[in-house]
Amino acid sequence: MNKEGAREDIEAGSGDPEGMDGRQKKVKAGEGQGRKKDLDPEKALEISKSLKKRMQDILKKDNANNLEGRPATGKIENVEEISGILMNKGLQESLLDEGILNEVRGWLEPLPDKSMPNIKVKKGLLDVLKSMRIHKEHLIVSGVGKIVYFYSINPKESKEIRSMAKTLVQKWTNEVFKPESD
Numbered sequence: 001m002n003k004e005g006a007r008e009d010i011e012a013g014s015g016d017p018e019g020m021d022g023r024q025k026k027v028k029a030g031e032g033q034g035r036k037k038d039l040d041p042e043k044a045l046e047i048s049k050s051l052k053k054r055m056q057d058i059l060k061k062d063n064a065n066n067l068e069g070r071p072a073t074g075k076i077e078n079v080e081e082i083s084g085i086l087m088n089k090g091l092q093e094s095l096l097d098e099g100i101l102n103e104v105r106g107w108l109e110p111l112p113d114k115s116m117p118n119i120k121v122k123k124g125l126l127d128v129l130k131s132m133r134i135h136k137e138h139l140i141v142s143g144v145g146k147i148v149y150f151y152s153i154n155p156k157e158s159k160e161i162r163s164m165a166k167t168l169v170q171k172w173t174n175e176v177f178k179p180e181s182d
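Position one of the sequence shown corresponds to residue 1 (the UniProt record's numbering), numbered consecutively onward.
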């Protein structure tokens, strides 16, 4: 199955569905939706479930390819598009409630042969995590903080990734230990 077949179409319902060359054009999540509050909650949930399933499928395929000694390129090929959807502020609450951080954690974890994900994947997803308003409950349930902490202390990791991870760990530490307001 190719990259296009693995993706469920995310339609916003506006504009011409075909591009100038006659091919079906992709409609990005939230395109034509206006402000965050204009996004239909049912549509946001549908997009969140679709994205979660897609990320799971890509991870399974990459892990299977890795075990068979073949290149695991699914995450690398899709990280920019996935990151773009994850960065959509109008979808983030729905994505977090749907448990998308479990998939983000899976994409950041080592492959079955213990090799680490490509730097493009790590950088893209750490940027996404930085942009999200993640609450303490989401951090605890997903366990994403553990892999990010690992990146922050791993001496084999690039300085850029370690720095990004340290910034996130500090931000999340403040979130977890922030006094509860009544």
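Note that beta-carbon positions come from the ideal geometry of N, C-alpha and C, so glycine has one too.
Fewer than three pairs of CB atoms, one per stretch, sit closer than 8 Å, so the region 56–71 makes no contact with the region 121–131.
Around the Cβ of Ala44, a 10 Å sphere holds 16 or more other Cβ atoms; the residue is buried. If you check the CB distance, Asn66 and Leu108 do not come in under 7 Å.
One thing to note: Val128 has its Cβ within 7 Å of the Cβ of Ser83.
Residue nearest to Lys89 within the set His138, Glu137, Arg133, Asp40 is Arg133 (criterion: CA-CA distance). Assigned with DSSP and collapsed to three states, Gly124 falls in helix. Fully contained in the region 40–109 is no beta strand (DSSP E) run of length 3 or more.
Counting C-beta atoms within 10 angstroms of its own C-beta, Glu98 has 16 or more neighbours from the protein chains shown and is therefore classed as buried. The beta carbon of Ser115 lies closer than 8 Å to those of Asn66 in the same chain, with the five residues before and after it left out. In the displayed model, His138 falls within a helix according to three-state DSSP. In this structure, Glu103 sits near Lys52, with a CB-CB distance shorter than 7 Å. Between the alpha carbons of Leu91 and Ser158 lies a distance of about 31 Å. In this chain, Asn154 is not harboured by any alpha helix (DSSP H), its DSSP state being neither H nor E.
DSSP, read as helix, strand or coil, puts Ser131 in helix.
Pro117 counts as buried, since at least 16 other C-beta atoms from the protein chains shown sit within 10 angstroms of its C-beta.
A Cβ-Cβ distance of about 19 Å is found for the pair Ile140 and Tyr151, leaving them out of contact under the 8 Å criterion. Apart from sequence neighbours up to five positions away, the residues of its chain that approach Leu126 with a beta-carbon distance below 6 Å are Met164, ordered along the chain. Around the beta carbon of Ile153, fewer than 16 other beta carbons sit within 10 angstroms, so the residue counts as exposed.
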